[in-house]
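Encoded as C-alpha cells, the structure appears first; notes follow it.
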Amino acid sequence: MDFALSDDQKALRGLARDFAKNEIRPKAEHHDKTGEYPLQILKKAWEIGLMNIHIPEKYNGAGMHELDDVIIGEELFWGCSAMATAILANNLALAPVLIGASDEVLKKWVQPMTEQFQLCAYAVTEPGAGSDVAGIRTTARKVGDEYIINGSKMWITNAGYADWFFVLTKTDPAAGHKGITGFIISSKTPGVVVGKKELNMGQKCSDTRGITFEEVKVHKSQMIGKEGDGFKIAMGAFDHTRPGVAIGAVGVARAAMEHALEYAKTRTAFGKPIVENQAISFMIAEMARDIEAGRLLCHQAAWLIDNGFRNTYQASIAKAFCADACMRITTDAVQVLGGYGFNSEYPVEKLMRDAKIFQIYEGTSQIQRLIISRYLTEGKGIEGPNL
Numbered sequence: 001m002d003f004a005l006s007d008d009q010k011a012l013r014g015l016a017r018d019f020a021k022n023e024i025r026p027k028a029e030h031h032d033k034t035g036e037y038p039l040q041i042l043k044k045a046w047e048i049g050l051m052n053i054h055i056p057e058k059y060n061g062a063g064m065h066e067l068d069d070v071i072i073g074e075e076l077f078w079g080c081s082a083m084a085t086a087i088l089a090n091n092l093a094l095a096p097v098l099i100g101a102s103d104e105v106l107k108k109w110v111q112p113m114t115e116q117f118q119l120c121a122y123a124v125t126e127p128g129a130g131s132d133v134a135g136i137r138t139t140a141r142k143v144g145d146e147y148i149i150n151g152s153k154m155w156i157t158n159a160g161y162a163d164w165f166f167v168l169t170k171t172d173p174a175a176g177h178k179g180i181t182g183f184i185i186s187s188k189t190p191g192v193v194v195g196k197k198e199l200n201m202g203q204k205c206s207d208t209r210g211i212t213f214e215e216v217k218v219h220k221s222q223m224i225g226k227e228g229d230g231f232k233i234a235m236g237a238f239d240h241t242r243p244g245v246a247i248g249a250v251g252v253a254r255a256a257m258e259h260a261l262e263y264a265k266t267r268t269a270f271g272k273p274i275v276e277n278q279a280i281s282f283m284i285a286e287m288a289r290d291i292e293a294g295r296l297l298c299h300q301a302a303w304l305i306d307n308g309f310r311n312t313y314q315a316s317i318a319k320a321f322c323a324d325a326c327m328r329i330t331t332d333a334v335q336v337l338g339g340y341g342f343n344s345e346y347p348v349e350k351l352m353r354d355a356k357i358f359q360i361y362e363g364t365s366q367i368q369r370l371i372i373s374r375y376l377t378e379g380k381g382i383e384g385p386n387l
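If you read the sequence shown in UniProt numbering, its first letter stands for residue 1, the second for the next number, and so on.
As C-alpha cells, then:
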C-alpha cells in the first residue's frame with residue numbers, strides 16, 4: 001500500500017495549484033459578484049493542459065487517469081468552485097462518449113478538442129427528471145438514417161458556450177431505462193434552442209441553462225453506443241466523474257478551513273486569540289479531520305477505477321461524505337468569523353453558498369445513500385474492495 005504521489009503527479013498538482021492561486025483566486029470575487037463567465041480563464045486552463053485530460057493518446061490527448069483528475073480538481077476548486085466547475089465540466093460530457101462512442105465519433109468530435117479550445121456539455125437532467133434519469137421525456141424518433149429529437153433539458157452546465165452536447169433521449173418510451181439512447185449533438189444544429197442563464201445562489205459565474213430540442217435532426221452515426229445503451233453508458237460515466245466532483249467539495253472545504261484558521265489566529269476575544277478557545281479550536285480540528293478523510297475516499301475511488309475495479313460503492317461514499325462535510329465545514333467557517341463571516345466582503349459566505357450544490361449535482365446526497373444502501377442490502381461493499 002502506497003499513498004505517495006509520483007513525481008509527475010506532484011508536478012501536476014503544482015501546476016494546478018499555481019494556476020488556482022495566480023489566475024483563479026484573484027478574479028474569484030469579481031466573477032462571483034458579476035456572474036461573468038470566465039472564458040479567458042478557461043482558455044488559459046486549456047492552453048496549459050488542465051482540460052480534457054482523459055482524451056486518449058490515440059486521439060492526441062494526454063490519456064491521464066482519474067487520480068490525475070482528482071489531484072487537479074482539489075486545487076482548482078480550492079481556487080473557486082464556480083470557475084473549476086466551468087473548467088472541468090468537459091470531463092462529465094466526455095465521459096460517456098469516451099466509454100461508448102465509436103472510433104468515427106471520437107475522431108470527428110473528440111480529437112478536435114485537443115487541437116483547439118472547445119467546450120461540451122452533459123445534457124441529461126430535465127425539468128421533470130433529475131435523480132430519476134429513467135423518467136426523462138426527451139424523445140428520438142427514427143426516420144431513415146436520422147433521428148428526430150424533441151424535448152427539454154435543464155440545469156446544463158456550460159450550455160451557453162458548448163460546441164456540442166451529450167444528450168440522453170427515449171428511443172423506446174415503453175422500455176423504461178432500456179429504451180434510453182445517447183447522442184452527440186452540435187449546438188449549432190437547427191432546432192437546438194439554448195435558454196437564458198440561470199441565476200443561482202452559488203457558483204454564480206458557472207453558465208447553467210435549459211436547452212430545448214425542436215425537431216432536431218441527428219444522423220444515426222452520432223449515436224453513442226447502440227440504441228438502448230444510453231442509461232448504462234450515462235450511469236457508468238458517473239463512476240469516472242463522481243470522485244472528481246467529490247474532491248471539489250474537499251477543495252472548497254479546505255479553502256474555508258484555511259480562512260477560518262487564519263481569522264481565528266488573529267482575532268482576539270477575552271484577552272487571547274479565539275483559536276485558543278476550545279470551542280473554536282475543536283471546530284477547526286474537525287474541519288481538518290473531515291478534509292483528510294474526504295481526500296482519501298476520493299483517492300481510493302479514483303484508484304479503483306484506474307486499476308480496472310468497479311468503484312460505484314466507493315464513489316458514492318466519497319460523494320456523499322465530501323458533499324455533506326463541505327456544507328458543514330463552510331457553515332462552521334462562517335460561524336468562526338461571526339458577523340464578518342456573514343458579510344460579503346469576506347470570502348467564507350461565498351464558499352458556503354458554493355458548497356450547497358455539491359449535495360445536489362451529479363447525484364444528490366440522498367441518491368448516494370440509496371446506492372450505498374443497495375450495495376449493502378445485496379451483501380456487497382462493506383468488506384472493502386475485493387482486490
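The beta-carbon is built from N, C-alpha and C at its ideal position, and this holds for glycine as well.
Query	Result
Residue range of the unbroken beta strand (DSSP E) whose run includes ILE180	180-186
Buried or exposed by the 16-neighbour rule on C-beta atoms within 10 Å, applied to ALA256	buried
Sub-8 Å separation of residue 395 and GLY79 beta-carbons	It is not possible to answer for residue 395, since the shown part of the chain is limited to 1 through 387.
C-beta atoms of TYR161 and LEU119 nearer than 8 Å	yes
Under 8 Å between C-beta atoms of HIS240 and VAL70	no
Identity of the residue in MET113, ALA95, LEU94, SER206 nearest HIS30 by Cα	SER206
Three-pair Cβ contact test at 8 Å for the region 148-155 versus the region 211-220	yes
Outcome for ILE291 when other beta-carbon atoms lying within 10 angstroms are tallied against a minimum of 16	buried
For THR181 and ASP229, believed in contact at Cβ under 8 Å, the rounded distance	7 Å
DSSP bridge partner residues for ARG13 (one or two, in chain order)	For ARG13, which the question treats as bridged, DSSP gives no partner whatsoever.
ALA264 vs VAL275 beta-carbon contact at 8 Å	yes
Three-state secondary structure (DSSP) of GLY151	strand
Element boundaries [alpha helix (DSSP H), containing ALA237]	230-266
Simplified DSSP state of PHE270, which is helix, strand or coil	coil
Cβ-based neighbour list, ARG369, same chain, cut-off 7 Å, excluding 5 preceding and 5 following	ALA320
PHE342, buried or exposed, once every other Cβ within 10 Å from all chains shown has been counted against 16	exposed
At least 3 beta-carbon pairs within less than 8 Å: the region 163-170 vs the region 120-129	yes
Selection from ILE371, THR364, LEU376, THR266 that minimises the alpha carbon distance to ALA129	THR364
Neighbourhood of GLY35 by C-beta, 7 Å cutoff - its chain only, sequence neighbours within 5 removed	LYS204, CYS205
Bridge partner(s) assigned by DSSP for LEU168	GLY182
DSSP-derived helix/strand/coil call for ARG141	strand
Where HIS219 falls: helix, strand or coil (DSSP)	strand
Buried versus exposed call for GLU349 [16 or more other C-beta atoms within 10 Å across all chains shown]	buried
TYR313, enclosing beta strand (DSSP E) - first and last residue	Segment 312-337 is the alpha helix (DSSP H) holding TYR313; no beta strand (DSSP E) there.
Proximity of ILE305 and GLY100 at Cβ, strictly below 8 Å	no
Entirely enclosed alpha helix (DSSP H) segments - the region 3-70, minimum 4 residues	7-19, 25-34, 39-47
First through last residue of the beta strand (DSSP E) which encompasses TYR122	120-123
Contact belief for PHE19 with ALA45 at Cβ below 8 Å, rounded distance in angstroms	7 Å
C-beta contact flag for ARG242 and GLU57 at 8 Å	no
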